[in-house]
Amino acid sequence: MRALLLAGAFGLIGTLLGTRWAIAILVKKGYGQLIRDDGPTAHHTKRGTPTMGGLVVIVAVLVAYFAAKLILRDAPSASALLLLALFGGLGAVGFLDDYIKISKQRSLGLRTKAKVAGQTTVAAIFGWASLQFPDERGNTPASSAVSFVRELDWKIPALLIIVWVIIMIAGTSNAVNLADGLDGLAIGSSMMVFGAYTLVGIWQHNQFCQITPGPRCYNEIRDPLDLAVVTAALTGACFGFLWWNAAPAQIFMGDTGSLSLGGAMAGLAIMTRTELLLVIFGGLFAVITLSVILQVGFFKLTNGKRLFRMAPLQHHFELLGWAEVTIVIRFWIICGICVATGLGLFYAEWVLGV
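Each residue of the sequence shown is one higher than the one before, counting from -7 in the working numbering.
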């Protein structure tokens, strides 16, 4: 448990102090955010705010995890290393996207096909690798079965599992990216989801069959406590970055941060065997993504009519006249309810055996 505390503290300190330093460097280099002309007019005042702050989050998480391991002289697990590789790989895709926006002075970075190709490549490598590295019980970081709060009896061939992993990772990373439109919204919501997964990892470790034998113990999950160490670092890093990203934001995390955080959520769901539960944990992100899908579908079916004033959903409420801070706080409340519901379902399954 000391590793959890160390990783969380290092992650918090890393972004709390490192982001201030990053803001100064990014401002000096002129790496400011470009704003879409078709977005809410209130956002034009944010033009030039430093972006790519997700780099600080990534570095802080990596340093926090490995520092905790080094201090306690504990070897990293295969599951944690794969999760961190996924986290960093999607961060690299997001960094390219952000850098192109800045260097070419346009609001769009990587072309859609290139961005999807990058996400797919990273996810496919993760999907394949996570089916390797069995432990002494034969458990690999990922499973060949779909899961809700545990593995279901839906065994899938390895190739289809990799496709499923790609869909999960691409969908979740894009969902967090869509939510990253208001100051503090995505990073604050991500912090809650990672906090929930820290509790999941601790509980799965404490109820591990070799530690606490029983009819509802967990035996199919590899390295749950070490995954909790990573999520503690993620939670702390998000908390520290929120200090600088809360309204009025002094820095944006950009696609570098949103893609990496979304990918980490999907990776955690896959490795903790809570894949479908992620839809509830990340209910806010799911609703925001659904608003975009509905808007596009309605637009095409009705020859140009709109279901919302603007998608994603948070911008619809902006155009209705809601203050940005009001939207963010209310969306945080919704995210908190989703996270609490997910934890309730996770615990209820263990208690009731359903």
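Just so you know, even glycine gets a beta-carbon here, dropped at the ideal spot from N, CA and C.
Could you pull the DSSP bridge partners for E143 from this structure? S139
Give the straight-line distance between the Cα atoms of G176 and F244, rounded to the nearest whole angstrom. In a straight line, the C-alpha of G176 is about 9 Å away from that of F244.
The segment 231 to 250 in contact with the segment 292 to 309 per 3-pair CB rule at 8 Å: no
Grouping DSSP H, G and I as helix and E and B as strand, with all else coil, what is P304? Of the three classes helix, strand and coil, the one that applies to P304 here is coil, per DSSP.
Could you say which of A(-1), R265, L311 lies nearest to D66 if we only look at CA atoms? A(-1)
Since I believe I50 is in contact with G80 (beta carbons under 8 Å), could you give me their beta-carbon distance rounded to a whole number of angstroms? Taking the Cβ atoms as the reference, G80 lies roughly 6 Å from I50, within the contact range of under 8 Å.
Between T264 and L219, which are expected to be in contact by the criterion C-beta below 8 Å, what is the C-beta distance as a whole number of angstroms? 6 Å
Since A70 contacts F125 with CB under 8 Å, what's their CB separation in whole angstroms? 4 Å
C-alpha gap between F200 and V138, whole angstroms: Each residue's alpha carbon lies about 20 Å from the other.
Output needed for A72: all residues of its chain with C-beta closer than 8 Å, excluding positions within five of it in sequence on either side, in chain order. Y57, D215, D218, L219, V221, V222
Same chain, Cβ closer than 6 Å to F231, five either side skipped, listed in chain order: L4, M183
Do we get a CB-CB distance below 8 Å when we pair D247 with the residues of chain C? Judged by its chain identifiers, the structure shown contains no chain C, having just a single protein chain.
T248 beta carbon less than 8 Å from that of A224: no
Indicate whether the contact test is met: 3 or more Cβ pairs, each with one atom in the segment 155 to 164 and one in the segment 254 to 261, closer than 8 Å. yes
Out of I179, K21, L286, point me to the one whose CA is closest to V320's CA. With distances taken between Cα atoms, V320 lies closest to I179.
Give a yes or no on contact between the segment 114 to 133 and the segment 205 to 214, applying the rule of three or more CB pairs nearer than 8 Å. yes
Pairwise C-alpha distance: I94 and C327: Taking the straight line from one Cα to the other gives about 31 Å.
Contiguous alpha helix (DSSP H) assignments of at least 4 residues, all confined to the segment 111 to 184: 150 to 171
Proximity of L251 and N131 at Cβ, strictly below 8 Å: no
DSSP three-state label for I5, please. It is helical.
Distance CB(L152)-CB(F118) smaller than 8 Å: Cβ distance not < 8 Å, so L152 and F118 don't count as in contact.
Please report how far the alpha carbon of L(-4) lies from the alpha carbon of F300, in whole angstroms. Computed Cα separation, rounded: 42 Å.
Counting only the same chain and skipping the five closest in sequence on each side, list residues whose C-beta sits under 7 Å from that of T112. I158, A162
If you measure between the beta carbons of R(-6) and L82, is that distance less than 8 Å? no
So what does DSSP say about P216, is it helix, strand or coil? helix
How many Å lie between V284 and I15 at the Cα? 31 Å
With 16 other Cβ atoms within 10 Å as the buried cut-off, status of D145: exposed
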